[in-house]
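In my numbering, the protein residues as written are 2 to 212.
The C-beta atom is built at its ideal place from N, Cα and C for all residues, glycine as well.
Since the structure is predicted, the reported quantities are computational estimates derived from the model, not experimental observations.
Some notes on the structure that comes next.
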């Protein structure tokens with residue numbers, strides 16, 4: 002009985018192998034693209050579910066090429082895309098078969114995850130009891146308009162256009178009003194100190210000539 006079963010199994014194996022070898026070999030090639038954006042889908046896994054369950058892979062440009070048999074069923078899989086299948090037709094006139102495979106993106110909605118920074122409920126209670134609450138809006142406004150805060154902003158923040166215009170206008174006004182008082186802008190002919198310095202230089206020059 003055992004020998005009979007063994008011969009049946011051996012006959013089925015050789016029959017399947019002979020049938021597999023009897024199929025016509027074809028060069029199966031193609032390019033894999035995104036159905037929505039018409040961009041290439043790289044590194045797609047191609048599985049030959051017929052026969053010996055072979056695996057192939059497309060390159061970074063979505064191109065693939067390998068040898069298969071007529072009638073083989075190929076399954077295309079990629080992360081983020083729906084599975085697509087294709088069957089190589091029988092009775093091809095040529096030993097080459099080329100396709101343009103288009104795969105559709107698959108949107109997977111993952112469940113939400115809440116992450117807590119406390120390892121246990123007791124640790125949460127401890128942190129909550131020692132928590133320091135922030136100031137209310139009134140306290141924050143008082144701190145922003147305090148003398149120290151305003152002095153710090155005046156020292157660090159640059160002047161805007163309106164402030165620079167007012168500053169220049171005030172300086173010009175002071176120069177016009179105090180023109181005769183301001184020694185830096187006064188006429189040197191009306192400055193007695195300038196006349197004294199001039200006379201001193203003349204006297205020093207006469208003394209140097211006398212020597």
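The beta-carbon distance between residue 108 and residue 82, rounded to whole angstroms, is 11 angstroms. This is too long to meet the 8 angstroms contact definition.
By the C-beta criterion, the stretch 70-82 is judged to be in contact with the stretch 46-55, since at least 3 inter-stretch pairs fall below 8 angstroms. Residue 99 and residue 90 have their C-alpha atoms spaced approximately 11 angstroms apart.
Within the stretch 95-179, complete alpha helix (DSSP H) segments of at least 4 residues are found at 122-130, 138-145, 148-157 and 162-178, given in chain order. For residue 61, there is no enclosing beta strand (DSSP E), since its DSSP letter is neither H nor E. Annotated three-state conformation of residue 89 is coil, per DSSP.
Residue 158 and residue 148 have their C-alpha atoms roughly 15 angstroms apart. The Cβ atoms of residue 33 and residue 69 do not sit closer than 8 angstroms to each other. Excluding five sequence positions before and after residue 55, the CB atoms of its chain that fall closer than 6 angstroms to its own CB belong to 49, given in chain order. For the options 88, 106, 201 and 71, the alpha carbon positioned closest to that of residue 37 is the one of 106. Residue 125 and residue 137 have their alpha carbons spaced roughly 24 angstroms apart.
Taking 8 angstroms as the cut-off, the beta carbon of residue 97 is found closer than this to the beta carbon of residue 27. Comparing C-alpha distances from residue 40 to each of 122, 93 and 101 shows the shortest one belongs to 101. Beyond the five residues adjoining it in sequence on each side, residue 35 comes within less than 6 angstroms, by CB distance, of 42 in the same chain, given in chain order. Residue burial annotation: residue 113 is exposed, with fewer than 16 other C-beta atoms found within 10 angstroms of its C-beta. In the DSSP assignment, the residues bridged to residue 28 are 68 and 97.
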